[in-house]
Amino acid sequence: MIVVRTDFKYRRLVRLLTVMPIIAPSFVLGMGLILIFGRSGLVNQAATYFFDINMGRWIYGFNGIWLAQVFSFTPTAFLILIGVAEGISPTMEEASQTLRASAMRTFMKVTLPLMTPGLANGFLVVFIESLADFGNPVVLGGSFGVLSTEIFFAVVGAQADFGRAATLALILLCFALGAFVAQRRVVGRRSYTSLSGKGDAGLRQPLPAVVRRTALAVAIPFALLTCTLYALILVGGFVRTWGRDWTFTLLHFQRAFGFEWGANGVLWSGGAWASFFTTVQLAAVAAPLTAVLGLLAAWIFSRQQFRGRSTLEFALMLTFCVPGTVIGVAYILTYNVPPLEITGTAIILVICFVFRNLPVGVRSGAAALSQLDRSLDEASAVLRASTWRTLTRVVLPLIKPAIVTALVYSFVRAMTTVSAVIFLVSAQHEMATVWIIQRTINGEYGQAIAYSTVLIVLMVAAIGLIQLLVGRRRLGRRESPEAGRQLKSIEGFS
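295 is the number that our numbering gives to position 130 of the sequence shown; each next residue is one higher, with no gaps.
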């Protein structure tokens with residue numbers, strides 16, 4: 166509401182804050198909360214120094230997990246709701262006020278009901294992500310167990326009870342499916358259409374004063390604390406011991422990413438290099454495969470008619486609705502015995518990345534293809550172009566935004582995922598996020614924060630490189646140099 170319906174000075178910063186939790190591992194915010202409210206955190210130390218109050222370990226357990234998940238998943242809900250808020254037709258609200266409804270009544274009876282599908286979808290996505298979240302509970306949970314961590318300890322514990330893990334995964338899946346059914350019942354079959362395709366000359370109505378003040382009272386502290394969390398995360402990698410020794414040091418980066426020059430070349434002596442190279446290689450392999458398969462599937466679903474199309478599309482989308490820990494357990498039970506005994510190999514990790522992130526490529530490709538008229542394909546066929554040539558020379562250049570979305574999302578998620586791969590890694594193929602969690606559990610926050618900082622910088626660079634390689638979609642007419650000179654002369658004359 167603040168970004169869409171107010172003239173708040175820093176609303177662009179609010180939008181920027183929605184990107185950071187997406188390119189950073191989910192448990193990074195959990196580590197940031199430890200730096201603020203942990204036993205050696207800034208708030209605890211300040212309370213002890215100024216007021217002689219010991220705040221204890223309140224951040225560990227339910228309180229810390231809840232707070233970390235709020236900060237981790239609010240941006241996801243924002244990305245879902247921003248399009249819904251922008252899509253509300255201003256003429257609906259103008260009609261309400263024309264009928265002498267107050268601004269508050271218009272907001273409660275017109276604006277919020279039109280946002281019901283977005284609110285229900287946001288609830289569904291965040292509920293499932295919260296169910297499947299493994300990083301924050303394992304960092305902040307302490308003795309407070311949740312289903313995702315219980316499944317993990319059932320698999321990697323001393324008993325290695327796969328039956329118990331499968332049972333808990335089934336319960337987790339039932340919760341996710343129950344949330345899906347509840348979301349469908351809330352939205353129902355009512356119509357929420359407010360955009361008819363005709364020109365809309367209405368002006369967006371300002372928020373009621375009470376709603377605006379309430380929104381600012383919630384959003385401003387949230388934005389400030391989020392900025393503080395990421396600032397402390399960046400600083401935490403450059404101090405010797407957080408809360409005790411604030412001396413500037415590069416020791417954590419040296420331990421994680423140190424290297425030496427030897428007789429045979431560069432010696433990668435840092436403890437994080439093996440997991441770093443493995444993660445980058447697997448993400449680089451999985452990202453293009455995910456994008457290609459997703460866009461091809463979207464093209465088939467959008468342009469081809471065949472029996473079972475709806476069932477196949479639902480099956481592809483199901484992997485996105487199933488919590489990651491459930492997928493991890495299913496992969497172990499399926500691929501841990503012959504003839505497909507691939508557990509612990511790089512192949513199973515790539516397969517997990519591809520099928521876990523495939524729905525995003527399918528949906529983004531389908532959305533882009535829905536804007537392309539079939540007459541483009543028909544014109545190419547009339548000119549005797551093959552299907553492959555039509556796809557590569559006509560369709561793909563026009564859906565470059567969808568290609569960028571599929572590549573960026575699949576690469577970032579492959580670099581930062583935890584819950585789906587925590588059971589699938591091995592000593593030969595350790596992922597970056599698993600290495601960071603292990604350092605965090607051992608109390609080595611400096612190395613964990615240093616590694617997280619490197620990952621964030623790497624992913625920002627990778628996103629820029631992907632956009633540079635794919636390029637931008639150009640639909641406008643290109644001007645000749647002569648036409649450009651004529652236009653400039655006309656503007657100068659006028």
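In this text, a Cβ means the ideal position worked out from N, Cα and C, and glycines have one as well.
Exposure of residue i, with buried meaning 16 or more beta-carbon neighbours within 10 Å
{"i": "Val291", "result": "buried"}
{"i": "Tyr574", "result": "buried"}
{"i": "Leu182", "result": "buried"}
{"i": "Arg558", "result": "exposed"}
{"i": "Ala396", "result": "exposed"}
{"i": "Ala448", "result": "buried"}
{"i": "Leu633", "result": "exposed"}
{"i": "Gly608", "result": "exposed"}
{"i": "Val431", "result": "exposed"}
{"i": "Gln612", "result": "buried"}
{"i": "Met269", "result": "exposed"}
{"i": "Lys363", "result": "Since pLDDT at Lys363 reaches only 47, below the 50 mark, its modelled position is unreliable, and no value is offered."}
{"i": "Glu315", "result": "buried"}
{"i": "Leu389", "result": "exposed"}
{"i": "Leu360", "result": "Interpretation of Leu360 is limited by its pLDDT of 46, a score under 50 that renders its predicted location unreliable; no figure is taken from the coordinates."}
{"i": "Leu178", "result": "exposed"}
{"i": "Ile167", "result": "buried"}
{"i": "Cys517", "result": "buried"}
{"i": "Arg265", "result": "exposed"}
{"i": "Tyr610", "result": "buried"}
{"i": "Trp426", "result": "exposed"}
{"i": "Arg642", "result": "Bear in mind that a pLDDT of 45 at Arg642, under 50, signals an unreliable position, so the number given afterwards is only what the model happens to contain. With fewer than 16 Cβ atoms within 10 Å of its Cβ, Arg642 is classed as exposed."}
{"i": "Phe216", "result": "exposed"}
{"i": "Phe466", "result": "buried"}
{"i": "Asp298", "result": "buried"}
{"i": "Gly203", "result": "buried"}
{"i": "Gly328", "result": "exposed"}
Reference residue i; option with closest CA among the options
{"i": "Val457", "options": "Leu483, Leu620, Ala571, Ala544", "result": "Ala571"}
{"i": "Ile672", "options": "Gly493, Leu289, Leu534", "result": "Outside the displayed range of the chain (166 to 659) lies residue 672, so it cannot be described from this structure."}
{"i": "Leu693", "options": "Gly283, Leu284, Gly310", "result": "Outside the displayed range of the chain (166 to 659) lies residue 693, so it cannot be described from this structure."}
{"i": "Leu454", "options": "Leu284, Ile568, Met185, Leu312", "result": "Ile568"}
{"i": "Val169", "options": "Leu335, Glu251, Leu207, Val376", "result": "Glu251"}
{"i": "Gly294", "options": "Leu556, Gly283, Thr239", "result": "It should be pointed out that residue 294 corresponds to Glu in this sequence rather than to Gly. Among Leu556, Gly283, Thr239, the Cα nearest to that of Glu294 belongs to Thr239."}
{"i": "Ile336", "options": "Phe318, Thr263, Ser313", "result": "Ser313"}
{"i": "Gly221", "options": "Ala233, Ser205, Phe227", "result": "Ser205"}
{"i": "Val304", "options": "Arg549, Arg377, Gly197, Leu279", "result": "Gly197"}
{"i": "Leu589", "options": "Leu514, Leu194, Ala480, Gly300", "result": "Leu514"}
{"i": "Ala285", "options": "Ala347, Ile224, Thr490", "result": "Ala347"}
{"i": "Ala374", "options": "Thr213, Thr171, Asn522", "result": "Thr171"}
{"i": "Phe288", "options": "Phe243, Lys274, Ser540", "result": "Phe243"}
{"i": "Asn522", "options": "Gly436, Thr412, Ala579", "result": "Ala579"}
Beta carbon of residue i nearer than 9 Å to that of residue j
{"i": "Gly306", "j": "Ile201", "result": "no"}
{"i": "Phe192", "j": "Ile602", "result": "yes"}
{"i": "Ile628", "j": "Ile247", "result": "no"}
{"i": "Ala330", "j": "Pro488", "result": "no"}
{"i": "Gly459", "j": "Gly526", "result": "yes"}
{"i": "Phe441", "j": "Val619", "result": "yes"}
{"i": "Ala592", "j": "Ala421", "result": "no"}
{"i": "Ile253", "j": "Thr276", "result": "yes"}
{"i": "Met624", "j": "Thr581", "result": "yes"}
{"i": "Glu259", "j": "Thr443", "result": "no"}
{"i": "Gly300", "j": "Ser584", "result": "yes"}
{"i": "Val450", "j": "Leu338", "result": "no"}
{"i": "Asp542", "j": "Val560", "result": "yes"}
Where the beta strand (DSSP E) through residue i begins and ends
{"i": "Glu425", "result": "425-427"}
{"i": "Leu458", "result": "Looking at the DSSP string, Leu458 is not in any beta strand (DSSP E); the run it does join, the alpha helix (DSSP H), is 438-468."}
{"i": "Val431", "result": "430-432"}
{"i": "Arg549", "result": "Per DSSP, Arg549 belongs to no beta strand (DSSP E) and is neither H nor E."}
{"i": "Val487", "result": "Unbroken run through Val487: none, as it is neither H nor E."}
{"i": "Val404", "result": "404-406"}
{"i": "Phe413", "result": "410-413"}
Bounding residues of the alpha helix (DSSP H) (the contiguous stretch that carries residue i)
{"i": "Val235", "result": "227-251"}
{"i": "Ile316", "result": "312-321"}
{"i": "Gln612", "result": "610-635"}
{"i": "His417", "result": "416-422"}
{"i": "Ile564", "result": "Careful: Ile564 lies outside any alpha helix (DSSP H) and carries neither H nor E."}
{"i": "Asn209", "result": "207-216"}
{"i": "Met196", "result": "193-202"}
{"i": "Glu383", "result": "Before going further, note that residue 383 is Val rather than Glu in the sequence given. Where Val383 is concerned, the enclosing alpha helix (DSSP H) stretches over 374-401."}
{"i": "Trp223", "result": "Careful: Trp223 lies outside any alpha helix (DSSP H) and carries neither H nor E."}
{"i": "Ala597", "result": "597-606"}
{"i": "Leu178", "result": "176-182"}
Residue i: CB within 8 Å of a non-hydrogen atom of the ligand PLP
{"i": "Asn522", "result": "For the structure depicted, the ligand PLP is absent and the ligand set is empty, with no information on it obtainable."}
Practice problem: Would you mind listing the alpha helix (DSSP H) stretches within the stretch 257-300 that are 4+ residues and don't spill past its ends, in chain order? | Solution: Taking only runs of at least 4 residues, the alpha helix (DSSP H) segments lying wholly in the stretch 257-300 are 268-271, 281-297.
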